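Student: Under numbering that gives the first Met the number 0, think of the first position of the sequence shown as 0, with each following residue one higher. Even glycine gets a Cβ: it sits at the ideal position worked out from N, Cα and C. As the structure is a computational prediction, the values presented were derived from the model and not from experiment.
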Amino acid sequence: MAIAGLIYIVRNLKERADYKRLRILAILQIAGFLGQVVLGGITVLTKLNPISVSAHFVLTIPLIAGALALRHRILDRPILQVLPTTAILAKIVITLTFIVLLIGTVVTGTGPHAGDIDAKRYNFDARAVSWLHADAVILLIGLTFALFFVIRASENGLVQKQLGRLVSIFLIVAISQGAIGYIQYFTGLPELIVGAHLLGATLVWISVWRIKLTVTNSR
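1) Could you give the first and the last residue of the continuous beta strand (DSSP E) run that contains Leu79?
2) Could you tell me which residues DSSP puts in a beta bridge with Val214?
3) Note down the Cα distance separating Ile192 from Asn122, rounded to an integer number of angstroms.
4) Helix, strand or coil: how does DSSP classify Phe56 here?
5) Counting only runs that start and end within the region 136 to 187, where is the alpha helix (DSSP H) found for 4 or more residues in a row?
6) I'd like to know whether the C-beta atoms of Val57 and Leu101 end up nearer to each other than 9 Å.
7) Taking buried to mean at least 16 other C-beta atoms within 10 Å of its own C-beta, is Leu110 buried or exposed?
8) Assuming Phe147 and Val166 form a contact by the criterion Cβ under 8 Å, report the distance between their Cβ atoms to the nearest whole angstrom.
9) Using a threshold of 9 Å, state whether the C-beta atoms of His55 and Gln35 are closer than that.
10) Three-state secondary structure (DSSP) at Ala16?
11) For the 8 Å Cβ check, are there 3 or more pairs between the region 78 to 94 and the region 153 to 160?
12) What do you reckon, are the CB atoms on Ala86 and Val214 nearer than 9 Å?
13) Pop quiz: Leu24 and Leu69 are said to be a contact at Cβ under 8 Å. What is the actual Cβ separation, rounded to whole angstroms?
14) Do you know offhand how far Gly125's Cα is from Gly108's?
15) Are Val92 and Leu142 close, meaning C-beta to C-beta below 9 Å?
Structure below.
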């Protein structure tokens, strides 16, 4: 898909002012996928070592961000001018989301689902890292509510409509993901629920990065 995207850009978007940026984003996608191949090989060779497994997931985060940025630019989506308070809160929410996902990889690497019964795990207390992860999620949801109310109280109608909708979507996804996390913890980590939680992590990052792409400048 990344190669197809690069071919499309080279053939059809040469006249655009941001052609160079589009081409770089597409090339970075290809480079990222190659990096995933290498990391995947290392993960297998190290017998699912949790560090390489975590790195495999962490590399996915910028790949998703890059793919969304490429789509955003190709479609020429507008960037909203927002107040400094809104911009700062949005950056905090995005940064904290990344931290939550990082802690999540530690929780997964400490838990029982390694893909192999003999795979090495992180030497952390599973309960402690799980609750650290949960506390970070609660903080994230609280700050996202704060962002939503700041938008409603201080921004103009266009920002309230467009950015407010994206923040609302992120809230729904994040709360749903948090609920799945609690369910998996208190039901003994059933595999299907753990899989749903991994899918949810991807949706969480997609929904928060859409906020980043929409809010770049402040007025």
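Tutor: The short version:
1) Leu79 to Val81
2) Leu79
3) 23 Å
4) Reduced to three states, the DSSP call for Phe56 is helix.
5) 156 to 185
6) In this structure, the beta-carbon distance from Val57 to Leu101 falls below 9 Å.
7) Leu is not the amino acid found at residue 110; the sequence shown has Gly there. Its Cβ being crowded by 16 or more others within 10 Å, Gly110 is buried.
8) 5 Å
9) Taking 9 Å as the Cβ cut-off, His55 and Gln35 qualify as a contacting pair.
10) coil
11) A contact exists between the region 78 to 94 and the region 153 to 160.
12) yes
13) 4 Å
14) Gly is not the amino acid found at residue 125; the sequence shown has Ala there. Spanning the two alpha carbons is a distance of roughly 9 Å.
15) yes
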